[in-house]
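Visitor: Quick note, in UniProt numbering, the sequence shown goes up one by one and the last residue is 184.
For each residue, glycine too, the CB sits at the ideal point set by N, CA and C.
Small disclaimer: the values here were computed from a predicted structure and weren't measured.
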Amino acid sequence: MKHPPRPSMGHRDYQNCEPSDQTSFLLGCQRPQKGGKHKVIIVGLDNAGKTTILYQFLMNEVVHTSPTIGSNVEEIVVKNTHFLMWDIGGQESLRSSWNTYYSNTEFIILVVDSTDRERLAISKEELYRMLAHEDLRKAAVLIFANKQDMKDCMSAAEISKYLTLSSIKDHPWHIQSCCALTGE
């Protein structure tokens with residue numbers, strides 16, 4: 001079995017923080033797990049804002065990023081609940097290796113660039129490929145409709161309709177409008 005590479009792992013303890021809308025969904029869907037850590041994969045096409053969203057979760061600040069080659073992993077703790085957040089590169093050449101990260105994943109965060117109408121079909125294809133994977137059969141899905149601050153962006157409702165999210169019956173899911181740069 002092929003395993004994902006082990007990057008250095010950061011840790012931020014946010015036990016005293018109130019959960020955000022984003023973490024509330026994760027907290028609401030959590031299932032008891034040995035060791036108390038919940039694995040989250042953050043996926044999406046290149047330039048969707050995955051790494052920026054990861055660090056908004058962690059530090060509530062924007063960091064300058066470059067394209068992720070491989071993955072970043074960070075641990076966050078919210079209300080005594082530990083989440084291992086795996087940010088996986090979204091370039092076309094890396095997407096075929098996403099499945100090496102699926103084992104023991106409880107949550108999928110799919111980041112969609114709300115301005116990238118031309119590649120929304122690819123995001124949809126990747127979403128349904130993941131949902132069909134045996135290792136993700138119990139995973140909850142959080143979709144971030146990112147870049148809502150941009151002119152001519154699609155709304156979360158438009159993206160939900162295009163991705164046919166209402167047809168997803170076997171996975172809890174939620175779509176959230178956001179702007180990763182501002183944390184909104």
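Could you tell me the distance, in whole angstroms, from the CA atom of residue 51 to the CA atom of residue 80?
Guide: As a first step, residue 51 must be located in the sequence shown, where it is residue number 51. As a first step, residue 80 must be located in the sequence shown, where it is residue number 80. Each residue's Cα considered, the two are about 23 Å apart.
Visitor: Which class does residue 56 belong to by DSSP, given the choice of helix, strand or coil?
Guide: For the purposes of this step, residue 56 is taken as the residue at position 56 of the sequence shown. Three-state result, residue 56: helix.
Visitor: How many angstroms separate the CA atom of residue 180 from the CA atom of residue 49?
Guide: Walking along the sequence shown from the start, residue 180 turns up at place 180. Walking along the sequence shown from the start, residue 49 turns up at place 49. Approximately 7 Å, taken between the alpha carbons.
Visitor: Return the chain-ordered list of same chain residues with a C-beta closer than 6 Å to the C-beta of residue 6, the five sequence neighbours on each side being excluded.
Guide: Your numbering for residue 6 matches position 6 in the sequence shown. Legend: pLDDT at residue 6 = 38, less than 50; position of this residue unreliable, value from coordinates given subsequently. There are no such residues.
Visitor: Is residue 154 buried or exposed, if buried means 16 or more other CB atoms sit within 10 Å of its CB?
Guide: The count along the sequence shown starts at 1 and reaches residue 154 at position 154. Counting Cβ neighbours within 10 Å, residue 154 comes out buried, since at least 16 surround it.
Visitor: Please report how far the alpha carbon of residue 170 lies from the alpha carbon of residue 65, in whole angstroms.
Guide: If you number the sequence shown from 1, residue 170 lands on position 170. If you number the sequence shown from 1, residue 65 lands on position 65. Near 34 Å, if we compare the C-alpha coordinates of residue 65 and residue 170.
Visitor: Who does residue 174 pair with in a DSSP beta bridge?
Guide: The residue given as residue 174 occupies position 174 in the sequence shown. Paired residues: 142.
Visitor: Could you tell me the alpha carbon to alpha carbon distance between residue 63 and residue 56, rounded to whole angstroms?
Guide: As a first step, residue 63 must be located in the sequence shown, where it is residue number 63. As a first step, residue 56 must be located in the sequence shown, where it is residue number 56. Answer to the nearest angstrom: the Cα atoms are 8 Å apart.
Visitor: For residue 173 versus residue 165, is the C-beta distance shorter than 7 Å?
Guide: Here residue 173 refers to the residue found at position 173 of the sequence shown. Here residue 165 refers to the residue found at position 165 of the sequence shown. Contact flag set, yes.
Visitor: At what residues does the beta strand (DSSP E) containing residue 134 begin and finish?
Guide: As a first step, residue 134 is located in the sequence shown; it is residue number 134 there, counting from the start. Neither: residue 134 is in no beta strand (DSSP E) and is coded neither H nor E.
Visitor: Use the C-beta contact count for residue 106: other C-beta atoms within 10 angstroms, 16 or more gives buried, fewer gives exposed.
Guide: One-based indexing of the sequence shown puts residue 106 at position 106. So residue 106 counts as buried.
Visitor: Measure from the alpha carbon of residue 147 to the alpha carbon of each residue in 158, 41, 96 and 177, then state which is nearest.
Guide: In the sequence shown, residue 147 corresponds to position 147, counting from 1. With distances taken between Cα atoms, residue 147 lies closest to 177.
Visitor: Establish whether the CB of residue 169 and some CB of chain B are separated by less than 7 Å.
Guide: Looking at the structure shown, chain B is missing, and only one protein chain is on hand.
Visitor: Go ahead and label residue 132 buried or exposed: buried means 16 or more other beta carbons lie within 10 angstroms of its beta carbon, across all protein chains shown.
Guide: Here residue 132 refers to the residue found at position 132 of the sequence shown. Residue 132 should be labelled exposed.
Visitor: In or out: residue 32 buried (at least 16 other Cβ within 10 Å) or exposed?
Guide: Against the sequence shown, residue 32 aligns to sequence position 32. At residue 32, the pLDDT of 46 sits below 50, so the modelled position is not reliable and the matter cannot be decided from this model.
Visitor: Let me know the secondary structure DSSP gives residue 120 once reduced to three states.
Guide: Position 120 of the sequence shown, counted from the first residue, corresponds to residue 120. Of the three classes helix, strand and coil, the one that applies to residue 120 here is helix, per DSSP.
Visitor: The beta strand (DSSP E) spanning residue 106 covers which residue range?
Guide: Along the sequence shown, read from residue 1 onward, the residue named residue 106 stands at position 106. Taken as a continuous stretch (DSSP letters only), the beta strand (DSSP E) holding residue 106 covers 105–113.
Visitor: What do you get for residue 87, buried or exposed, if any count of 16 or more other CB atoms within 10 angstroms of its CB means buried?
Guide: Residue mapping note: residue 87 aligns to position 87 of the sequence shown, counting from 1. Flag for residue 87 reads buried.
Visitor: Going by Cα to Cα distance, which pick from 89, 112, 111 and 93 is closest to residue 101?
Guide: Residue 101 sits at position 101 when you count from the first residue of the sequence shown. Of 89, 112, 111 and 93, the residue nearest in Cα terms is 89.
Visitor: DSSP state of residue 65, grouped into three classes?
Guide: In the sequence shown, the residue the question calls residue 65 occupies position 65. Three-state result, residue 65: coil.
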